[in-house]
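Just so you know, the sequence shown maps onto residues 1 to 129 in our numbering.
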Amino acid sequence: MRKGSVEKVIEVFGIGKAQDFLTIKDFMNQSSVTDVELREFLRKKKEEAESARKKRLSTRHAWERLAPKCPECGAPLALRRIDIPAGRGNEKGYLSQWFCLAADCVYERYSTMSAVEQLKRYGLYKGGA
Ligand SMILES: [Zn+2]
């Protein structure tokens, strides 16, 4: 081992991470988990996360193409279900809310139609029944 190499590890990662590394390494040894298995697991998780991210982006882009547009700025609107029961806090019994996705626009429109009814109205409903 090169002289000063432990200090270099501590300098780069800090004492806390070095301690965590040893704790993890000891646990892996006790559990018979190899570095290769851990690397493969982490690679798969990273791949899954990237795939999920791409799917979310694709869904969002599809939504932005099809969604009704904001009457004030033209950006796509998003739909939110309102779960607050009619009464205090929701006096008009609203069931859904359209709101503008543009960062600098505050347009919103409440409705007594459910979110599913709204989606069906705009041909955006993909669920069953
Ligand atoms: Zn807008």
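Every residue gets a Cβ at the ideal spot worked out from N, C-alpha and C, and that includes glycine.
Query                                                                                            : Result
Cβ-heavy atom distance, E117 to ligand 1, below 7 Å                                              : no
Whole-angstrom distance between N90 and D104, CA atom to CA atom                                 : 26 Å
8 Å Cβ cutoff met for A67 and L77                                                                : yes
Same chain only: Cβ atoms within 6 Å of C73, ignoring 5 sequence neighbours per side             : A102, C105
Cα-Cα separation between W98 and Y107, rounded to whole angstroms                                : 8 Å
Residue environment, S51, which counts as buried when at least 16 other CB atoms sit within 10 Å : exposed
Between the CA atoms of K54 and D20 - distance to the nearest angstrom                           : 32 Å
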